[in-house]
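In this note's numbering, the protein residues as written are 2 to 115.
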């Protein structure tokens with residue numbers, strides 16, 4: 002799995018490094034797998050399209066955010082490492098913020114935590 006280095010995050014030519022999946026905790030791996038499955042869904046693709054068109058905070062985006070975030074939230078362990086991320090994702094569902102949900106789930110798919 003490749004990780005985009007944070008300081009080059011918005012560049013299409015950003016450098017990448019290998020992420021060692023064996024060194025992740027069991028909870029991190031579960032969250033990363035849930036995020037990858039969510040990113041393969043049709044709902045994810047629709048959410049990304051709406052975000053690229055600039056559609057945010059609508060009822061439709063809220064429904065897509067809820068559908069994408071719910072399996073990720075279910076997979077999250079209750080430990081202190083994931084507590085902040087869980088609160089952020091829950092807040093994104095309430096505010097119907099598709100863009101921030103996309104960014105959080107992309108990061109979680111690689112690292113398993115923020």
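No residue lacks a Cβ here, since even glycine has one placed at the ideal position from N, Cα and C.
Could you give the DSSP three-state label for residue i: helix, strand or coil?
i, result
"residue 29", "helix"
"residue 49", "helix"
"residue 90", "helix"
"residue 54", "coil"
"residue 34", "helix"
Looking only at its own chain, which residues have a Cβ that is under 7 Å from the Cβ of residue i, when we skip the five neighbours before and after it?
i, result
"residue 70", "90, 93, 94 and 102"
"residue 99", "48, 51, 52, 57, 62, 65 and 66"
"residue 87", "74 and 77"
Looking at the secondary structure, which residues open and close the alpha helix (DSSP H) in which residue i lies?
i, result
"residue 72", "60 to 76"
"residue 23", "That residue, residue 23, is in no alpha helix (DSSP H); it is neither H nor E in DSSP."
"residue 104", "99 to 112"
Which residues in the same chain as residue i place their Cβ atom closer than 8 Å to its Cβ, once the five residues preceding and following it in sequence are excluded?
i, result
"residue 108", "115"
"residue 11", "Because residue 11 sits at a pLDDT of 49, beneath the cut-off of 50, its placement in the model cannot be relied upon, and the following sentence gives the value as read from the coordinates. Counting only Cβ-Cβ distances below 8 Å, and skipping sequence neighbours, we find nothing."
Do you know offhand how far residue i's Cα is from residue j's?
i, j, result
"residue 78", "residue 56", "31 Å"
"residue 30", "residue 60", "31 Å"
"residue 111", "residue 34", "9 Å"
Does residue i pass the burial test, meaning 16 or more other C-beta atoms within 10 Å, or should it be called exposed?
i, result
"residue 85", "exposed"
"residue 76", "buried"
"residue 80", "exposed"
What residues in its chain sit with their C-beta under 6 Å from that of residue i, if we drop five residues either side in the sequence?
i, result
"residue 82", "114"
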